[in-house]
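What follows is a set of notes on a single structure, which appears directly below.
Protein chains in written order, with my numbering: chain X, 6 to 485; chain F, 6 to 485.
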């Protein structure tokens, strides 16, 4: 039988001046000793009397600490024998290894991201303060699973005005970003017997994965310069289509008027559902944004929006406007998923909308991004001469085609070595080898003053990859 | 062929003093006219020249408005013929019916809810302001899917100190409340081939539904005064068990030391997973809270926590501490679910924890709830004499058994008529008819001064239901 461990061996460290009650300190030290293996599994503990004497504590303190550790399972007591350390595998107190810092590229040309430095911190703070001060106590209860009513009301007004939707507060469901919203709609579709959803090709690869995770299949439908090839929808068995009519991702195409009409016809004819992802429709620079499809057929369209592109993805604020027969099932799906999204941020967002802060922010940022786009296009033309640029009219990125002999991944890697973060178009295609090699170049994360140098570095990277024609025009210019 | 609609008939209302550009106003009015049916499907529109003249606008403004509505699909143009209204079913601009207000009971004895009026608005606001001011721009990007690092670090320190866990920031995953966290873990379990999860009986009915929604089956295991009947676990085929060791919901039992040991043994022996729902462990009034099971076996326990009971459910702040082999799959599941929870609230929470505000809030509220519990118990004893009260030691509610001849639902309904909201125990049981009729009486939502009257009204409601013995003791007292 093992001998009793003495207090001295336990190396229990108590600090009489820390302000933390000694009983609490003793409990923590005893737990630590068990976990570290200093108190060996199965070994008997010193008597409470002995330990109290050793440590200069009242016996009551030690008794209470032992009782606590008995209750928690660190110690065991059997009638008539000493209290022992429980016979358990012990675990060292693990100290977390510091997380490796994510390298920040000097020129961040990621697509689909707004300029994070433009986030209207002051206005958001004001709205948060006002919302928190004005909220009734009931606002701190479990939230309405569709989202706080003031937020649904404010959002309805905004969307009907700015996006030409036909929304009503009781058909709005706020989500943790648009991805969750699309996922919830897909769950409901599957419950209704839908088996496949059409998606754009090229399109959001992550959305495809999310849709398939709900048990639905995806059918990729080609996109050309006029948007989704709606004519091909009729040849599929899908019950719904996920589409980005205002600004196709990633090509930047706007769905052409006759295709909008054809899409609505398809939905009416087949009782199919259109899931309209309106993710960055607010950013159109040379003309007014195209109004939402939902406004033409609110019974056949689920409208999906997000604050990720117009404010910040960190807010995780997304919303759905759904046909009446989708309200309850989508709300039910949201309830199962997470009991609703955080209410306080929704109330802040409502205040932010009501004050016209989003309109103000959009006016300001639209001007910034328009100017950046112009500078970017000029920089690209200066480096590459005439090259096909797509998606210039709207959004936060554009697309440049690469010469046929260039490999996209090689270019992206070469750019990364020059601290230029840029995405290739391939990952967005059903068949990565189909279609020309191309780069998505975002201008949300780069200042105008950095653009010429960023583009120059990109051109140098491309030149390095142009092994077959090392003295090409762009290469010569980039080196100039 | 239909004649062209004139501008006058369109009743287009333009306001030259509103500050809204006339082109925008014209577009809105045209959309409204299409939707309302005033502009009939298929009918030709007035020429841009005629409409401009009618309205006193420049022709360019009308041309642009027409182009916009063509782009959006409200109008159609065919070569060589007039622009027409698209042939679509029209939708009246629906005006939302005001939502019916939810009746607020005078005496809210709902269980599982903190006092919403005690939410520390000022401290939360301060933390929000500091977090927003201190956040680097990168904090506004897509968040780390596990949650903002400062929040995971602060939470780790809090949990290791206050809940005796062995947590590390890289094993913490922040969620939209604990329900989402449990759902994500269940998804991962199912992917690993687990088919069933054990749950407590009585227990959280919603959690059962959520677990089954992930494709897992649930096996109900009985709970008695010492918590989960762990001995019955071995007879099931489950790969995991969801348990509330610190404070069983709804009975209020604390899992007994020998059962804690047996549960850990079961997990080691069967390689099973313990999902420890620690939802309101911080509220224990007569003794220190029992430390988390996770601290004894961090490789076999998923720790689940939430701010819902200690701060507010509206925050939707929940967290998991998971074994190392669960980190990546759970993070992946969270990514698919919603790309991560809102980051700004997490940063505010980190600041709140770092300042010691949660400790301060718990000290304050623990004293409030302890006092309320004492008053409630006294009021119950005054009205009902000696009656079995369970779950008094901890949490935010207690349980009273009803006399055998009373029907729970009838009592709950009678109480509601007296503006007393109280929950029956039945809904928490696998077999509602099993076990005694009982009421869960929460004291989070009622002030001490309201308690005597609330309990008196409850007693009157019970007396009304006691049809077989209308002159019983409690009845007589309640009428006194």
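For every residue, glycine included, the Cβ atom is placed at its ideal position computed from N, Cα and C.
Check: Is the region 119-137 of chain F close to the region 306-316 of chain F, with three or more CB pairs under 8 angstroms?; Outcome: yes
Check: Residue 465 of chain F touches chain A at which residues, Cβ-Cβ below 8 angstroms?; Outcome: The question asks about chain A, but that chain is absent: this structure's protein chains are X and F.
Check: Assuming residue 459 of chain X contacts residue 451 of chain X under a Cβ cut-off of 8 angstroms, what Cβ separation, rounded to an integer in Å, is found between them?; Outcome: 6 angstroms
Check: Compare the C-beta of residue 23 of chain F against all C-beta atoms of chain X and say whether one is closer than 9 angstroms.; Outcome: no
Check: Assuming residue 414 of chain X contacts residue 429 of chain X (C-beta within less than 8 angstroms), just tell me the rounded distance between them.; Outcome: 6 angstroms
Check: Across the region 196-207 of chain X and the region 429-445 of chain X, are there enough close Cβ pairs to call them in contact, namely three or more that are closer than 8 angstroms?; Outcome: yes
Check: If you pair each beta-carbon of the region 144-159 of chain F with each one of the region 174-194 of chain F, do three or more pairs fall below 8 angstroms?; Outcome: yes
Check: On the three-state DSSP scale, how would you describe residue 366 of chain F?; Outcome: helix
Check: For residue 47 of chain X, count neighbouring C-beta atoms within 10 Å of its own C-beta (all shown protein chains included) and say buried if the count is 16 or more, exposed if not.; Outcome: exposed
Check: Go ahead and label residue 196 of chain X buried or exposed: buried means 16 or more other beta carbons lie within 10 angstroms of its beta carbon, across all protein chains shown.; Outcome: exposed
Check: Taking Cβ to Cβ, would you say residue 60 of chain X is nearer than 9 angstroms to residue 31 of chain X?; Outcome: yes
Check: Within 9 angstroms (strictly less), CB to CB, does residue 259 of chain F reach chain X?; Outcome: yes
Check: Can you confirm whether residue 98 of chain X, when its beta carbon is compared against all beta carbons of chain F, has any partner nearer than 9 angstroms?; Outcome: Confidence at residue 98 of chain X is low in this model, with a pLDDT of 43, below 50, so its placement is unreliable and no value can be given for it.
Check: Name, in chain order, the residues that DSSP records as bridge partners for residue 279 of chain F.; Outcome: F/246, F/306
Check: How many angstroms separate the CA atom of residue 304 of chain F from the CA atom of residue 40 of chain X?; Outcome: 13 angstroms
Check: For residue 391 of chain F, is the classification buried or exposed, using 16 other Cβ atoms within 10 angstroms of its Cβ as the cut-off for buried?; Outcome: exposed
Check: Strictly under 9 angstroms for the Cβ-Cβ distance: is residue 313 of chain X near chain F by that measure?; Outcome: yes
Check: Using 9 angstroms as the limit for Cβ to Cβ distance, is residue 110 of chain X near chain F?; Outcome: no
Check: If you drop the 5 nearest sequence neighbours on each side, which residues of the same chain put their C-beta closer than 8 angstroms to that of residue 323 of chain X?; Outcome: 179, 180, 181, 182, 183, 184, 185, 186, 309, 310, 311, 312, 313
Check: Residue 43 of chain X to residue 254 of chain F, Cα distance in whole Å?; Outcome: 36 angstroms
Check: To the nearest whole angstrom, what separates the beta carbons of residue 350 of chain X and residue 301 of chain X, a pair I think is in contact under 8 angstroms?; Outcome: Actually they are not in contact, since the Cβ atoms of residue 350 of chain X and residue 301 of chain X sit about 31 angstroms apart, beyond 8 angstroms.
Check: I need the boundaries of the beta strand (DSSP E) containing residue 227 of chain F, first residue and last residue.; Outcome: 222-229
Check: Expressed to the nearest angstrom, what Euclidean distance is found between the alpha-carbon atoms of residue 398 of chain X and residue 416 of chain X?; Outcome: 25 angstroms
Check: Using only alpha-carbon positions, find the residue among X/358, X/67, X/294 that is nearest to residue 128 of chain X.; Outcome: X/358
Check: In the structure shown, what three-state DSSP assignment does residue 97 of chain X receive?; Outcome: Legend: pLDDT at residue 97 of chain X = 49, less than 50; position of this residue unreliable, value from coordinates given subsequently. Residue 97 of chain X: coil per DSSP, three-state reduction.
Check: In three-state DSSP terms, what is residue 433 of chain X?; Outcome: helix
Check: Can you tell me whether DSSP reads residue 22 of chain F as helix, strand or coil?; Outcome: coil
Check: Look up residue 84 of chain F in the DSSP assignment and say whether it is helix, strand or coil.; Outcome: coil
Check: Say whether chain F places a C-beta atom closer than 9 angstroms to the C-beta of residue 364 of chain X.; Outcome: no
Check: Can you tell me whether residue 141 of chain F is buried or exposed? The criterion is at least 16 other CB atoms within 10 Å of its CB, across all chains shown.; Outcome: exposed
Check: When the cut-off is 9 angstroms and only beta carbons count, does residue 453 of chain X lie next to chain F?; Outcome: no
Check: If you draw a straight line from the alpha carbon of residue 231 of chain F to that of residue 259 of chain F, how long is it in whole angstroms?; Outcome: 6 angstroms
Check: Helix, strand or coil: how does DSSP classify residue 354 of chain F here?; Outcome: helix
Check: Would you say residue 180 of chain X lies against chain F (beta-carbon separation less than 9 angstroms)?; Outcome: yes
Check: Mind checking which residues open and close the beta strand (DSSP E) that includes residue 160 of chain F?; Outcome: Careful: residue 160 of chain F lies outside any beta strand (DSSP E), inside the alpha helix (DSSP H) at 154-167.
Check: Would you verify that the beta carbon of residue 145 of chain F is, or is not, closer than 9 angstroms to some beta carbon of chain X?; Outcome: yes
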